[in-house]
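full-length UniProt numbering numbers the first residue of the sequence shown as 1 and each following residue consecutively.
Beta carbons are placed, not taken as given, at the ideal position from N, Cα and C, and that holds for glycine.
Quantities reported herein were computed from a predicted structural model and do not represent experimental measurements.
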Amino acid sequence: MLSIQHEIFLEVARRLSFTKASQILFLSQSAISKHVKALEAFYKTALFERHGNTISLTQAGLLLYQKGLEASQLKTELHQQLQTLNATFLPTTRLAVGSSTTITLYVLPPVLSAYLRQHANMQVQVLNRNSSNIQKALLDHEIDVGIVESLTQVNTLTYTPFITDQVLAVCSRDSPLRDRTLRIDEIPQVPLAVREQGSGTLATVEDTLQKNGIRPADLRILIRLGGTEALKNFVLADTCLAFLPKRAIVKELAAGDLVEVPIKNLTIERTFHFIQRKGTENNELVNAFIRFTRRYYSELE
């Protein structure tokens, strides 16, 4: 239904980058350029405008991209329906999943391993960004499904609950905070290391604290770090307090390298959600992945 040239064009248009498309498709940039030029020759019009090191879609390119996405969705639906008629029809199928940092590092690896063992014809690509950027990637058609932490919901997306996760206040074994139990009203006096803006973990922490009378502006923030691992490694080397997902620090807590700092009458929890674009809720490929992933963790817990 879609030629190889069209598939390549869609990837370049999705990323607005020949370099990124070549990395994802495992093709050289020269091969990518050759296929795009062949399409431009066929349609007798330019599909991209070059601006130094960046590119953008022309009006014709945008039209082809929009129609290409529709054709790609039809192709997926056709393959799904054919498989219900003939179980031996197993075309190689690509699934693009976007997930926030905690989920990518600590939740998805075991379930993806189990999923791929049962679906040998699948090729899964995982995009790792913070929660707000995963929402954007889904709306921009970069991914088929996203998994994010608690965020303000967008009315063009649908949200399906996945699993819950606890966020703990922790410090290093060398911190003077290690033997303390804090009151909520003491938190503004404690030096903090936090995640970057757009992080689902940070949004959950700020929302919970605000419900307890502490505004983000009240916090004594020493540093903001992009990513769970960066934040964890900073706290291991420092004496400040940080709020980290429990799933991300199981080993460090067990080894005593990180210590939970209890805060009276404060529990921070969030729910991870699958997100889909409205209008694509009947995509059986995505829905089957969601069912598999939810079942995998329900059996574990």
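Expressed to the nearest angstrom, what Euclidean distance is found between the alpha-carbon atoms of residue i and residue j?
| i | j | result |
| --- | --- | --- |
| R180 | A254 | 19 Å |
| I221 | Q81 | 53 Å |
| Y297 | V97 | 17 Å |
| A193 | P262 | 17 Å |
| F18 | H79 | 28 Å |
| residue 359 | T54 | The requested residue 359 does not occur in the structure, where the chain is confined to residues 1 to 301. |
| Q276 | E269 | 23 Å |
| T293 | M122 | 15 Å |
| A41 | L116 | 39 Å |
| V126 | T156 | 22 Å |
| I214 | D165 | 22 Å |
Is residue i buried or exposed, if buried means 16 or more other CB atoms sit within 10 Å of its CB?
| i | result |
| --- | --- |
| Q66 | exposed |
| V170 | buried |
| I4 | exposed |
| F274 | buried |
| G68 | buried |
| T204 | buried |
| K232 | buried |
For residue i, tell me which candidate among the options has the shortest Cα-Cα distance.
| i | options | result |
| --- | --- | --- |
| Q73 | N128, H119, I221, L285 | L285 |
| E281 | I184, V145, N265, V261 | V145 |
| D174 | T239, E77, I187, L244 | T239 |
| L266 | F18, R15, G68, I187 | I187 |
| V124 | K251, N155, I143 | I143 |
| I134 | L225, D218, I103 | I103 |
| H6 | G61, Y115, Q23, H51 | G61 |
| R129 | L219, V148, V190, L258 | V148 |
| S56 | P191, K136, L16 | L16 |
What residues in its chain sit with their C-beta under 6 Å from that of residue i, if we drop five residues either side in the sequence?
| i | result |
| --- | --- |
| Y106 | R247, A248 |
| V111 | T293, Y296 |
| P216 | E206 |
Residues in the same chain with beta-carbon distance under 7 Å from residue i, minus the five sequence neighbours each way, listed in chain order, please.
| i | result |
| --- | --- |
| G227 | T101 |
| E11 | A21, I24, L25 |
| P161 | T271, H273 |
| A114 | Y296 |
Tell me which same chain residues have a C-beta within less than 8 Å of the C-beta of residue i, skipping the five on either side of it?
| i | result |
| --- | --- |
| T58 | T45, A46, L47, F48, E49 |
| L139 | V154, T156, L157, R277 |
Is residue i close to the ligand MN? I mean its beta-carbon at under 7 Å from any heavy atom of the ligand.
| i | result |
| --- | --- |
| Q118 | This structure does not include the ligand MN; it has no bound ligands of any sort. |
Contained beta strand (DSSP E) runs [length at least 3] in the region 143-190, N- to C-terminal order: 145-148, 157-172
Beta strand (DSSP E) segments (min. 3 residues) lying fully within the UniProt domain "HTH lysR-type" (1-58): 48-51, 54-57
Length-filtered (4 minimum) alpha helix (DSSP H) runs lying within the region 191-217: 200-211
Beta strand (DSSP E) runs contained entirely in the region 230-290, provided each spans 3 or more residues: 241-245, 258-260, 268-277
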